[in-house]
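In the working numbering, the protein residues as written are 1 to 170. Positions of the beta carbon are idealized from the N, C-alpha and C atoms, including for glycine. It should be emphasised that the depicted structure is a prediction, and the values quoted were computed from it without experimental measurement. The block underneath contains the structure these notes are about, expressed in structure tokens.
The structure is reproduced here in structure tokens:
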């Protein structure tokens, strides 16, 4: 952890400016991580690995990519899904907060993948605020709708392709 702390402490940004007598200006960096650092991704992987390898309730799995964390769970009933996911959310949230990172509940989304016409949505919470449910979600460039039909993904790709081809014509 000493390496981790020293990596984020006593950092300065330097810029050349003719306005200064020395020609350079150095400003202390007080927030965020070092950008474009070779060590940055490795340090992130080592640090965040504890979140991705933490033990979760049976039926839940955590997936991470870049700064996105996805919890996938399955169950036979809404009540079972609610129990499994809320338990997993609590464990993962505690791990993330333990690393000194933030859980932005307002940016978090949930999708209940089901083919049923009648169903009740589970109440999923992170430290009490409920997660917002959507009918589809985009993850790693794939739009997944609640029925996993991928119609929205095809529609979205078609729109992108048309925009791309029309810009090539100009």
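Once you ignore the five residues that flank residue i on each side, which residues in its own chain have a CB closer than 7 Å to its CB?
i           : result
residue 142 : 153
residue 71  : 60, 62, 85, 88, 89, 92
residue 3   : Because residue 3 sits at a pLDDT of 48, beneath the cut-off of 50, its placement in the model cannot be relied upon, and the point is left open.
In chain order, what residues of the same chain lie with their CB nearer than 6 Å to the CB of residue i, ignoring the 5 residues before and after it?
i           : result
residue 131 : 108, 110, 124
residue 78  : 120, 122
residue 1   : Note on residue 1: pLDDT 46, under 50, position unreliable in the model; the coordinate value appears next. Excluding positions up to five away in sequence, the list is empty.
residue 133 : 110, 121
Am I right that residue i and residue j are in contact with their C-beta atoms under 8 Å? What's the rounded C-beta distance?
i           : j           : result
residue 113 : residue 89  : At roughly 17 Å, the Cβ-Cβ gap does not stay under 8 Å, so residue 113 and residue 89 are not in contact.
residue 81  : residue 122 : 5 Å
residue 105 : residue 137 : With 8 Å as the limit, residue 105 and residue 137 do not qualify as a contact, their Cβ atoms being about 16 Å apart.
To which residues does DSSP link residue i through a beta bridge?
i           : result
residue 157 : The partner list for residue 157 (beta bridge, DSSP) is empty, contrary to what the question assumes.
residue 68  : 65
residue 45  : Answer is none; residue 45 lacks a bridge partner.
residue 142 : 139
residue 163 : Paired residues: none, contrary to the question.
residue 73  : 60
Going by the CB atoms, is the gap between residue j and residue i shorter than 7 Å?
i           : j           : result
residue 95  : residue 120 : no
residue 146 : residue 135 : yes
Who are the near neighbours of residue i in its chain, counting only those whose CB is closer than 8 Å to its CB and skipping five residues on each side?
i           : result
residue 165 : none
residue 51  : 62, 64, 69, 92, 95, 96, 99
residue 115 : 147
Checklist entry - Curious, which full-length alpha helix (DSSP H) runs of at least 4 residues does the region 89-152 contain? => result Fully enclosed alpha helix (DSSP H) runs of no fewer than 4 residues are not present anywhere in the region 89-152.
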